[in-house]
Amino acid sequence: MVKIKPSLSVKLGPLTLKNPVVTASGTFGYGEEYSKYFDLSLLGGITTKGLSLKPMQGNPPPRLCETPSGMLNAIGLQNVGVDDFIKRKLPFLAGFDTKVIANIFGNTVEEYEAVTARLDRAKGVHAIEVNISCPNVKKGGMAFGTDLEATYDVIRAVRNATSLPVIAKLSPNVTDIVPFADRAAHAGADALSLINTLLGMAIDIKNRKPRIANITGGLSGPAIRPVAVRIVWQVYRAVGLPIIGMGGIMNAEDAIEFMLAGATAVAAGTASFVNPLAPVEIIAGIERYMIENGIDHAHHLIGQVQA
Amino acid sequence: MVKIKPSLSVKLGPLTLKNPVVTASGTFGYGEEYSKYFDLSLLGGITTKGLSLKPMQGNPPPRLCETPSGMLNAIGLQNVGVDDFIKRKLPFLAGFDTKVIANIFGNTVEEYEAVTARLDRAKGVHAIEVNISCPNVKKGGMAFGTDLEATYDVIRAVRNATSLPVIAKLSPNVTDIVPFADRAAHAGADALSLINTLLGMAIDIKNRKPRIANITGGLSGPAIRPVAVRIVWQVYRAVGLPIIGMGGIMNAEDAIEFMLAGATAVAAGTASFVNPLAPVEIIAGIERYMIENGIDHAHHLIGQVQA
Amino acid sequence: MIARIRKNEELLEGYFIVDIEAEGIGLRKAGRPAVPGQFYMLKAGPSTDPLLRRPLSLHRKLSDDSVRFLYRRAGRGTALLSRLIPGDEIDVLGPLGNGFPMPAGIKHALIVGGGIGIAPLMALADYISDERKDISAAAFIGGRSREYVLGADEFSRKGIETFTATEDGSLGKKGFITHILDEYIHEHKHKGTGGWAIYSCGPHPMLISVAAMAKKYGIKNYTSMESNMACGIGACMGCVIGVLDREHGSSVYKKVCDDGPVFDADDIVW
Amino acid sequence: MIARIRKNEELLEGYFIVDIEAEGIGLRKAGRPAVPGQFYMLKAGPSTDPLLRRPLSLHRKLSDDSVRFLYRRAGRGTALLSRLIPGDEIDVLGPLGNGFPMPAGIKHALIVGGGIGIAPLMALADYISDERKDISAAAFIGGRSREYVLGADEFSRKGIETFTATEDGSLGKKGFITHILDEYIHEHKHKGTGGWAIYSCGPHPMLISVAAMAKKYGIKNYTSMESNMACGIGACMGCVIGVLDREHGSSVYKKVCDDGPVFDADDIVW
Ligand SMILES: Cc1cc2nc3c(=O)[nH]c(=O)nc-3n(C[C@H](O)[C@H](O)[C@H](O)COP(=O)(O)OP(=O)(O)OC[C@H]3O[C@@H](n4cnc5c(N)ncnc54)[C@H](O)[C@@H]3O)c2cc1C
Ligand SMILES: Cc1cc2nc3c(=O)[nH]c(=O)nc-3n(C[C@H](O)[C@H](O)[C@H](O)COP(=O)(O)OP(=O)(O)OC[C@H]3O[C@@H](n4cnc5c(N)ncnc54)[C@H](O)[C@@H]3O)c2cc1C
Ligand SMILES: Cc1cc2nc3c(=O)[nH]c(=O)nc-3n(C[C@H](O)[C@H](O)[C@H](O)COP(=O)(O)O)c2cc1C
Ligand SMILES: Cc1cc2nc3c(=O)[nH]c(=O)nc-3n(C[C@H](O)[C@H](O)[C@H](O)COP(=O)(O)O)c2cc1C
Ligand code: FES
Ligand code: FES
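Residue numbers (this note's numbering), protein chains in the order written: chain V, 1 to 307; chain S, 1001 to 1307; chain G, 2001 to 2270; chain Z, 3001 to 3270.
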C-alpha cells in the first residue's frame, strides 16, 4: 500500500477548514493564552469565548469544580463584549492562518442580531456560532435552546443579519434533540455544534454548600462523551447539516469516534485545560489513523460507523 | 458532645426503611449473588432486576462497555419473568429482614398492570418500582417516561392495581423532569426513583462498530453523578414526593451528597459491580458522618444543602 | 479482598506475570482450592477511570494464600496493573466462575492454547501433572512468533508432550496450531479417542476452528470464553453469550462469569 | 512538559516535598528564572479521574532544570502525586502566574506564612537571601502545632529573624502568628515602616487578618491567593476572585492564575 499524505480538509457547509479540529468556545480564551504553546495556524479553526453585546462580569466564584472524569463550570459567560473583541482581540486572531468562529449569545433575539451585525462587518471573522445552550445564565442561553420556536427565531435573526456561515450550538438538555436540529436547519443554519454542557450540580458535604456559587453548572469532559457521541449520531442520521462534534474529546481516538458517528469537524474543549497541546496532537493523530487505515480524505470518516 | 447512635431509619412515604440505602435495579440481580458477600438483612432495601410479564431474553452481546468514570449497558431487561420470580426468587429474598422493592416494566399499560397485580398478591414484596425510563428497549421503557400522559397512565394503572407503595422511576433524558415528577405524583406515586441511566453510545474506532450491539445504551456510574444530583435537587424543591436518589453513588460521601440535595433514600448501582460491599460500606459511612456532625436522625440530612 | 503484590515482572514486551498474596486467595468459599479455569476480578487503584474490575484467569496457584496471573498489557486497566510494584495493594475478587470440567472417564487431555490463552491452561497442566496421574496430556501452543509461544518449556518440563506452531515459523511448525492438532488427532485416532477431551483458550478464530475439529472427530471440547464484564459474579447480566439450551433446543444467553467462563464448545453459538 | 521525579519524601504525616527535573523547568519562556510566587500545574498519570491538573507553588528552584514543591496531601490529586517514586514521569506546566512583586524601594520584607502557605514563601526567602542583599527580612510562621510549623529552621539558617506561633503552644508563642506580627510592627514602627512590605500566604482567615493589619499600619501587603483552577493559564475564566478595579472604583473579577496568584491585599474583595 502506498502511503500518501491524506487530505484533512473538511467542508462545514460553506466553511472550509484545513483540518477538522477546532477549539471549543470558552475553553480557549481568545487564543492568546494558547499561542504561547503552539502556532495557532495549525488549527482548523478557533472558536472564541462567547461574545455578548455588552461586556459581562460573569458569575461569582467559585466557578468550577472537578467531577469524576469531568468538571462543572458556571463562568456565566464573562467576556469583553463584542466591540472590545473586535477592537482588541480580533486583530491578534486575524494574524493566523486559521478560521475564526465567533461564538455569540444574547438575552433577547435582538441582542443576538445586534452582536451578529457587528461581527458581520468586522474583518477576520469567518463564521458565527450561536450559543442557545448555555446552562449558566438566567435569561437567554438554554432557555432558547430548549424551546423549538425560540430556537428558530434566534437562528433566523442571526441568519438574516449576516452572510457569514451560521453554526447553531444546541443544548443536549432536551428530550429529543432532532427537532431542534431540524428547526435550526429550517431557520437557515449552515452547521450544528453538538454538544454544549450537561446541566449538573455538586455539593461539598463538609460545608453542605454547592461546590460552585451558581449552584448548578455545565458538565464537560470525558464523562459526557457517550452522551455527546449518541447525540451526534442521532442528528447525523436525521438531519442534513454538517456537525461540529464535541464533548469530552481528549485525544485523536475520541475525535475519530465523533467523526465516525457523523461529525464533520470536532472541537477540543476541556482537553485544552488538561493538555494545552491537545488540539494539535489530535490533528496529528487523525492524520496517523487515516494513513494507517488507508483513508485519503477526512470526509471519508464521517458517519462511517457500522451501525 | 455526647455521641449517641443516630437513627438511620427513613420513611419513603408509606414505606419505612431501616436505613436509607437500597440497591439499584438491575445491578444486584435478585440478591443471591451478593448474599455471598454480606448479610442482605443489613440493607435498607433490595430492588430487583426489572420484571416483565413474560421472561425476556434481552439484547444480544456485547451488552456493556466501560466509558470514562462510567459504563454503558444495554442488557435489554433480560429477566426470568414475574411468575418465575415469585416462585423461585422471592422466597429467597423473603428470608431477609429487609424491604423488597420489585422493579417492573412492560410494553403496554396493561402489561404494567398485570405484573403489578401478580406482585400485589405475592408474599414478601414491599413496594413496586415502576421503570418508565429504560433506554434499552424498543417499546415501552423510555417511551413512557418521556411522555407526560403516558407517565400518568402507567403510574395510575399500577396505583390502581396494588395497595403496595408505588415508586415511579423517571427518565433523566428529558428537557425538564419536574412536570414528569408532578404527573407521577398526581397519578398516585408514593415516591420517585431518580435517576435512570443517560442515553449514550461508544464506538470502537478499530472495527468502526458500536461498542455494544444495541448501538446505544444506558450510561451509569460516577460520570453521571452531577446530572443526577442536579435532578434530585430540582425535583426535591418542586415536588412533594420522597426521592430515592441514584446515579454514580460509589461511597458514603456521594450518598450524603444526594441526601443533602433532597433524597430520602439512596441506591447503589454500578458501585456494587466495582465493590460488592459498597452498599454496606455506604450505610456505615452515613452513620459515621451523622455521628461526626451530631445529626441524630437521617431525616435531618434531607435537602439540607445551603443553596 | 485486598491483596499484596509480591512480584510483577515483564516476561516479554507487554506480557507480565504478577504474584499476589492474601489470606485464602487460592481458596474458594468452601475452603477447597481454586480450580483451573476460574478467574479473578482485579482493580488496581481507587480511581473511577478505569472504573471496572478486570478479569484475569488463575495462571498458577502458588499456595492457599498466593496466586499468579499471566497477563498481556491490553489497555488502560492492565497498564495500571503493570505499574504496580512489590508491596503495593490490589483489590481482588475471586476465585470466580466454573473452571474446566473434568468429568469421570477422561483419560487424555489435549490442551490447546494461543498467545495469552495459555494463562488458564497452565493452571490446568499444573493440576493434571500434580494431582491427576490418571490423566495423560498433550499440549498444542501457538503464537505469532517464537517469543509469543508462552509456557511451552514449562509444559515440556512437566512431561507433557508439547507441540508448537508460529505464524512466522520461528518456533515449531509454521502456521496455525490447529493444523498440528488436526494431524495429532488424525494420527492417534485409530487407537480410539474415547476418554479424550480438548481444553482450549485463545483467540476467537482459533477457538472456532478447534471447536469445529472437535466436532469432526467427536471429541469433547471445553473452551474458556471472554466477554466484557462489569460485576463478574452473575448480577449484571452484561457478559452473556449465546449458548444452546439442550432442554429446549433453542439458544439462550448465558453468563460467561457465572455459567462459564468454560463452556462445552458444542453448545456455543459461535 | 514531561518531568522526572528525583525525590518524593514525606516530611511529616501528609506533608511532602518532591523534586522534579526537566530541561528548563526552572525557567520562564524568556529564559529568565522562575520567580518566587509563581506556580506550576501538575498532572500525575493519564487517568481522567482526577481529570484536571493541580497547582503547586514553586517552593525552591534547585537549578534551571530542577525545582522543588512542598505539598500537603489534600485529596486525590495530591495523593496520587505522593505515590510517585524517583524515575516516574510527571506532566508539568509552568512556571505560571505573576510571582511576588518587589517594587523598587522595598527595604524590609515581612514574610508571613501559615501551614502549607510556607511553600511559595521559601522561594521568596531564597531569592532575598541569595540575590537581594539590599533587602532585610523577618519571618512569621504559624501552624497548628510544632510539627506543622514548616520551614522555620530553614529561615533561621538563612539569617532571617524568624518568629513562630502554634495554636497549642508546642512551639513559639501560643496563639496566632498574626499577634506576633502585630507586636513586631508595633515595636518597630517608630523607626518608620517606609519600604516595608508584607508577603503572606496561608489559610484564608490568616490572610484576612494580615491584610487588615497591613492596612492599619499602612504597610503594603502582597498575598498569594488560591482558587480552583482548570487551565492555569488564563483561558477558562474559572479561577477568578473579586478585585478592586482602581480605575473605575468598582470590583471586577480577576484571574488568580494569570493576574495572580499574588495580589495587592488592599485590592482584594475578601
Ligand atoms: C474470564 C476471563 C479471563 C481472562 N483471563 C486473562 C488472563 O489470564 N490474562 C490476560 O492477559 N487476559 C485475560 N483476559 C482478558 C482481560 O480481561 C482483558 O485483556 C482486560 O480486561 C483488558 O483490560 P484493559 O483495561 O487493559 O483494556 P481495555 O481495552 O482498556 O479495556 C476496556 C474494557 O474492555 C474490557 N475488555 C477488553 N478486552 C477484554 C477481553 N479480552 N476480555 C474481557 N474483557 C475485555 C475490559 O475489561 C474493560 O472493561 C480474560 C478475560 C476474561 C473474560
Ligand atoms: C496558585 C496555587 C498554588 C498552590 N500551591 C500549593 C503548594 O505549594 N502546596 C500545596 O500543598 N498546595 C498548594 N496549593 C493548593 C493545592 O493546589 C491543592 O491542595 C490541590 O489542588 C488539592 O488537590 P487534591 O486533588 O489533592 O484535592 P481535592 O480536594 O481532591 O481536589 C479537588 C479539586 O479542587 C481543587 N482544589 C482543592 N483544594 C484547592 C486549593 N486549596 N486551591 C486550589 N484548588 C484546590 C483541586 O485542584 C481539584 O481541582 C496551591 C493552590 C494554588 C491555587
Ligand atoms: C469553562 C468552560 C466555558 C465554556 N464557555 C462556553 C461559551 O462561552 N460558549 C459556548 O457556546 N460554550 C461554552 N462552553 C462549552 C464548550 O464549548 C463545549 O461545548 C463543552 O465544554 C463540551 O466539550 P468538552 O467536553 O470538550 O469541554 C464552555 C465550556 C467550559 C468547560
Ligand atoms: C447493568 C445495569 C442494569 C440495569 N437494569 C435496570 C433495570 O432492570 N430496571 C431499572 O429500573 N433500572 C436499571 N438500571 C439502572 C439503575 O438501576 C440505576 O438507575 C442507574 O444505573 C444509575 O445508578 P448507578 O450510576 O449507581 O448505577 C440498570 C443499570 C445497570 C448499570
Ligand atoms: S459480568 Fe455481571 S453477570 Fe457476568
Ligand atoms: S484557571 Fe483558567 S483562567 Fe485561571
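Note that beta-carbon positions come from the ideal geometry of N, C-alpha and C, so glycine has one too. None of these values were measured; they are calculated from a predicted model.
Pull up the distance between the alpha-carbon of residue i and that of residue j, whole angstroms please.
i                  : j                  : result
Glu149 of chain V  : Thr47 of chain V   : 26 Å
Leu3022 of chain Z : Arg3060 of chain Z : Here residue 3022 of chain Z turns out to be Ala, not Leu, going by the sequence shown. The alpha-carbon atoms of Ala3022 of chain Z and Arg3060 of chain Z are separated by roughly 15 Å.
Ile308 of chain V  : Ser2047 of chain G : Outside the shown range of chain V, which is 1 to 307, sits residue 308 of chain V, and nothing can be said about it.
Gly2094 of chain G : Tyr1034 of chain S : 13 Å
Ser2063 of chain G : Leu2027 of chain G : 9 Å
Met1246 of chain S : Leu1194 of chain S : 6 Å
Thr1108 of chain S : Ser1052 of chain S : 11 Å
Tyr3268 of chain Z : Ile3005 of chain Z : According to the sequence displayed, residue 3268 of chain Z carries Ile and not Tyr. Cα to Cα, Ile3268 of chain Z sits roughly 36 Å from Ile3005 of chain Z.
Asp120 of chain V  : Ala161 of chain V  : 8 Å
Gly2087 of chain G : Asn3008 of chain Z : 17 Å
Val1232 of chain S : Val1266 of chain S : 11 Å
Just checking residue i against ligand 5 - is the residue's beta carbon closer than 7 Å to any of the ligand's heavy atoms?
i                  : result
Lys49 of chain V   : no
Met2237 of chain G : yes
Phe3001 of chain Z : Before going further, note that residue 3001 of chain Z is Met rather than Phe in the sequence given. Checking the Cβ of Met3001 of chain Z against ligand 5 gives no.
Lys1089 of chain S : no
Can you determine whether any heavy atom of ligand 6 sits closer than 7 Å to the C-beta of residue i, and answer yes or no?
i                  : result
Asp3258 of chain Z : yes
Ala1187 of chain S : no
Pro3255 of chain Z : First, the residue type needs correcting, since residue 3255 of chain Z is Lys and not Pro in the sequence shown. Yes, Cβ of Lys3255 of chain Z sits closer than 7 Å to a heavy atom of ligand 6.
Gly3234 of chain Z : yes
Would you grab the beta carbon distance between residue i and residue j for me? Rounded to a whole angstrom, and I think it's under 8 Å.
i                  : j                  : result
Leu1164 of chain S : Val1125 of chain S : 6 Å
Ile3111 of chain Z : Leu3121 of chain Z : 5 Å
Asp190 of chain V  : Ile167 of chain V  : 7 Å
Leu1077 of chain S : Gly1058 of chain S : 6 Å
Asp3019 of chain Z : Arg3068 of chain Z : 5 Å
Ala1278 of chain S : Met1250 of chain S : 7 Å
Met3276 of chain Z : Gly3260 of chain Z : Absent from the model: residue 3276 of chain Z. The displayed extent of chain Z is 3001 to 3270, so no value can be given.
Val1325 of chain S : Leu1192 of chain S : What the structure shows of chain S is the stretch from 1001 to 1307, and residue 1325 of chain S is not part of that stretch, so it cannot be assessed.
Ile1128 of chain S : Ala1102 of chain S : 6 Å
Ile3241 of chain Z : Val3252 of chain Z : Going by Cβ atoms, the distance from Ile3241 of chain Z to Val3252 of chain Z rounds to 10 Å, so no, they are not a contact pair.
Tyr3040 of chain Z : Leu3058 of chain Z : 7 Å
Thr1216 of chain S : Pro1135 of chain S : 7 Å
Does at least one heavy atom of ligand 4 sit under 7 Å from the Cβ of residue i?
i                  : result
Thr1270 of chain S : yes
Cys134 of chain V  : no
Lys1054 of chain S : no
Considering only heavy atoms of ligand 1, does any lie closer than 7 Å to the CB of residue i?
i                  : result
Met2041 of chain G : no
Any heavy atom of ligand 2 inside 7 Å of the beta-carbon of residue i?
i                  : result
Tyr3184 of chain Z : no
Pro279 of chain V  : no
Should residue i be listed as close to ligand 3, given that the test is whether its C-beta is under 7 Å from any heavy atom?
i                 : result
Thr151 of chain V : no
Per the contact definition of three or more C-beta pairs closer than 8 Å, is the region 1020–1036 of chain S in contact with the region 2200–2214 of chain G?
Flag = no, the region 2200–2214 of chain G and the region 1020–1036 of chain S do not touch.
Quick check: the region 1216–1235 of chain S against the region 217–235 of chain V, are at least 3 beta-carbon pairs closer than 8 Å?
yes
Given 8 Å, three or more beta-carbon pairs between the region 2157–2169 of chain G and the region 2077–2085 of chain G:
no
Assess, as a yes-or-no matter, whether the region 1267–1276 of chain S is touched by the region 2229–2245 of chain G under the definition of 3 or more beta carbon pairs within less than 8 Å.
yes
Validate contact between the region 1192–1206 of chain S and the region 1060–1078 of chain S using beta carbons, cut 8 Å, 3 pairs
yes
Are the region 3184–3202 of chain Z and the region 3090–3106 of chain Z touching, with three or more C-beta to C-beta distances below 8 Å?
yes
Please determine if the region 1249–1259 of chain S and the region 1201–1219 of chain S are in contact, where contact requires at least 3 C-beta pairs separated by less than 8 Å.
no
Pick out every residue whose C-beta is nearer than 5 Å to a heavy atom of ligand 1: which are they, in chain order?
S:Glu1066, G:Phe2039, G:Leu2052, G:Arg2054, G:Pro2055, G:Leu2056, G:Ser2057, G:Tyr2071, G:Arg2072, G:Ala2074, G:Gly2075, G:Arg2076, G:Gly2077, G:Thr2078, G:Ile2116, G:Ala2119, G:Glu2226, G:Asn2228 and G:Pro2261
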